[in-house]
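Shown next, in structure tokens, is the structure this report addresses.
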Amino acid sequence: MSFDGILTHAIKDELSNTIESGKISKIYQLNQYELLFTIRGNSKNSHLLLSAHPSYSRVQLTKGEYDKPFEPPMFCMLLRKHLEGGIVEKVEQVEFERILVFHIRSRNELGDVTYKKLIVEIMNKHSNIIVVDRDTNKIIDSIKHLSPALNRHRTVMPGSEYIEPPKQNKLDPFVATEEDVLKKVDFNSGKLAMQLVENFAGLSPLVANEIVHRAGLANATSLPKAFVELMNEIKEAQYEPQILLNDNGKELFYVLSLSHIKGEKKTFTSVSEMLDRFYGGKAERDRVKQQASDLERFIKNEWNKNKRKIKKLQQTLKDAEKAEQYKLHGELLTAHMYMVKRGDSKITVSNFYDEAGEAVTITLDPQKTASQNAQNYFKKYQKAKTSLLEVEKQLILTNEEISYFDGLLQQIESASLKDILEIREELIEGGYLKKSKQASKKKTKQSKPQLEKYLSTDGFEILVGKNNIQNDYLTNRVANQDDLWFHTKDIPGSHVVIKGNDITEQTILEAANIAAFFSKARQSSSVPVDFTKIRHVKKPSGAKPGYVIYDNQQTVYVTPSEDLVLRLKKKS
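FYI, in the UniProt record's numbering the residues of the sequence shown are 1 to 572.
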């Protein structure tokens, strides 16, 4: 895990410089595991994210946007009662563990000063956020409860005494000397990195491997020296927050430069900025995926169903293409009726439509007369001809369905919870899904779709629809006739609009980049993006949500850049 004791120390330093002496003005519980605090200090608001998520547990400052629930959960209400309006006096790390303690001074209902500790334990699935009365060391409440039945050594329940997680009896790496390192490492046993992890607090395999790499041959002189030098970097706050992409395509993050990992590297100005980028809504996307799993499964099933239908229609089309042959056989049989004897199963006649006059063999029903056989071929011809027209019509409609579901699958990939609700509502209105009984009983007033907003480098507002409801609203209601409209060429994606006149070339390329980013071609390079004025974009009568046709377009080719999209989002 990258979030080790060293990274915890780095984030503690960042928080100490930012929120200490700050006042807690707002507290939100975003979901089952995460809290968001707004803290006023140094003449500005900072947003503190605390997460006890089983996979994404962390503490950081954040500039991300989060959906806040209308009804605060009980734990959030308790936090507001005890901590809102309080002052963050100090942020400390417990020894070198992944535990941060926020010391908060506040007042109770009587106006008396009280002291609380907000403790965040960053331990993967065992992570927790606990509120403790500092004077009594009693737990007021926690985001996760741990009863004696689950753990007889440590109880985390309201009213219980707070007991720290078991100590690992490791040395503090900050005070360790080269001699201490030498005593703890057995060079004959190998696996030097794991020996460092097992003997020194707060070290992850990631940083231990870095120490061994910096030591070169890693002998009794070079390894202790590399260890102490790296610890001095941390003591002096020589952080280099960065995200790395290793040779296996896996993303890693750390607060120090990792020379043992070769691959792409992106550096950041702060630890929190790095964490914002790395997690980038991973927990939110997990929740969205969970909420949308049934929807995604339904859409994929519909997509597959239509794909199978295409195959059947193509086979029917192939069969229907025999129509002209049926007509020919009927006409030739009528012309050569005198040659047919009752009981014949076939007849060979000359084809007077063919210049070479090649013979044609016609299969007959022995039970029917020549006239009846001829009429049978004419009936087959009419049926095949009618079928041909219907099949061609069905092929067009089925391909439209496939494109529609393709677009919905793309939209789910970058959807928020609100976007998912709109996609679900669209499928209900389209007759694909049944309305739930709960939704039928109470129909809420529809609010206007919320569009994604960006600001170009040259100051133009760029609007994005992330689902069909938003796309229709943006293109048909919000945009003006002279605004520029963007969409990936023949690729499912979002509608993007630049508001304003005299739009610069730089802004056009940035809007095209956003359109490519919010499309099925997000991971591709040199993506074609069409753009034209809104006046040239039309929605055909009866067309599916989000579907438009356009002309007078120009095409630019861009490679989607997440960095650019995030920068323009931040500017907005």
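Every residue, glycine too, gets a C-beta built ideally from N, C-alpha and C.
DSSP three-state assignment for T457, whether helix, strand or coil: Note: T457 maps to coil in three-state DSSP.
Can you find at least 3 beta carbon pairs, one from the stretch 85–100 and one from the stretch 6–17, that sit closer than 8 Å? A contact exists between the stretch 85–100 and the stretch 6–17.
Backbone secondary structure at Y550 - three-state DSSP: In the structure shown, Y550 sits in a strand (DSSP, three-state: E or B).
Just the Cα atoms here: how many angstroms apart are K443 and L455? Residue placement at K443 cannot be trusted, given a pLDDT of 46 that sits under 50; the coordinates are not used to answer.
Return the bridge partner residues of K266 from the DSSP annotation. According to DSSP, K266 bridges with I243.
So for A359, helix, strand or coil by DSSP? Three-state DSSP puts A359 in a strand.
CB-CB under 7 Å to K466, same chain, minus the five flanking residues each way: which ones, in chain order? A distance below 7 Å between beta-carbons, with the five flanking residues on each side excluded, links K466 to the following residues of its chain, in chain order: Q411, S414, A415, D419, E452, S494 and F518.
DSSP state of P528, grouped into three classes? Taken through DSSP and simplified to helix, strand or coil, P528 comes out as strand.
D344 (DSSP reduced to helix, strand or coil): Three-state result, D344: coil.
Using the Cα positions of K489 and A320, report the straight-line distance between them to the nearest angstrom. If you take the alpha carbons of K489 and A320, they lie about 33 Å apart.
Buried or exposed (CB count within 10 angstroms, at least 16 for buried), Y338: Looking at its Cβ environment, which holds fewer than 16 other Cβ atoms inside 10 Å, Y338 is exposed.
Within the continuous alpha helix (DSSP H) that includes L332, where are the two ends? Segment A323 to A335, the alpha helix (DSSP H) holding L332.
Taking the alpha-carbon positions, what's the S57 to I122 distance? In a straight line, the C-alpha of S57 is about 6 Å away from that of I122.
Is the beta carbon of L171 less than 8 Å from the beta carbon of A201? It is a contact, given that the beta carbons lie within the stated cut-off.
C-beta atoms of V527 and P560 nearer than 8 Å: Yes; because the gap between Cβ atoms is below 8 Å, this pair is in contact.
Where V175 sits in the DSSP three-state scheme: Coil, per DSSP.
Give the range of the alpha helix (DSSP H) segment to which K570 is assigned. Element bounds for K570: E562 to K571.
Using a Cβ-Cβ cut-off of 8 Å (strictly less than) and excluding sequence neighbours within five positions of P205, which residues of its own chain qualify? The answer, listed in chain order, is A193, M194 and V197.
For Q315, the nearest candidate out of F531, P366, L395 and I347 (CA to CA): Taking the Cα of Q315 as reference, the smallest distance to any Cα among F531, P366, L395 and I347 is reached at L395.
Assuming K116 and I129 form a contact by the criterion Cβ under 8 Å, report the distance between their Cβ atoms to the nearest whole angstrom. In fact, because the Cβ distance is near 12 Å, the residues do not count as touching under 8 Å.
What span of residues does the alpha helix (DSSP H) with N209 cover, start to end? Here the alpha helix (DSSP H) through N209 covers P205 to R214.
Residues of its chain near S189, where Cβ-Cβ distance is below 8 Å and the 5 sequence neighbours each way are ignored: Around S189: Q195.
Under three-state DSSP, which class holds L408? It is helical.
For G86, count neighbouring Cβ atoms within 10 angstroms of its own Cβ and tell me buried if that reaches 16, exposed if not. Buried is the call here.
Applying the criterion that 16 or more other CB atoms from any shown protein chain within 10 Å of the CB defines a buried residue, is Y377 buried or exposed? Taking every protein chain shown into account, the CB of Y377 has 16 or more other CB atoms within 10 angstroms, so this residue is buried.
Can you tell which of N476, K184, T155 and D502 has the C-alpha that lies nearest to the C-alpha of N169? Answer by Cα proximity: K184.
In three-state DSSP terms, what is S106? The DSSP-derived three-state label of S106 is strand.
Using a Cβ-Cβ distance under 8 Å, would S371 count as near chain D? Annotation note: the requested chain D is absent from the structure, which comprises a single protein chain.
From H145, D133, H260 and R342, pick the residue whose C-alpha is nearest to that of R107; which is it? The shortest C-alpha to C-alpha distance from R107 to any of H145, D133, H260 and R342 is the one to D133.
If contacts are defined as beta-carbon pairs under 8 Å, then D13 and A237 qualify, I think. What distance do you get, rounded to the angstrom? Right, the Cβ-Cβ distance comes to about 6 Å (below 8 Å), so this counts as a contact.
Check the C-beta distance from L509 over to V464 and give it rounded, since I have them as a contact under 8 Å. With 8 Å as the limit, L509 and V464 do not qualify as a contact, their Cβ atoms being about 16 Å apart.
Can you grab the Cα-Cα spacing for the pair S16 / K90, in whole Å? When rounded, the distance between both Cα atoms is 7 Å.
Does the pairing of the stretch 284–293 with the stretch 238–248 give three or more beta-carbon distances under 8 Å? Segments in contact, no.
Three-state secondary structure (DSSP) of F75: Under the three-state reduction of DSSP, F75 is assigned to helix.
Just to confirm, is the Cβ distance from L245 to E251 under 8 Å? Using a Cβ distance threshold of 8 Å, L245 and E251 count as a contacting pair.
If I534 sits next to W485, beta carbons under 8 Å apart, how far is it from one beta carbon to the other, in whole angstroms? The C-beta distance from I534 to W485 rounds to 5 Å, short enough to fall under 8 Å.
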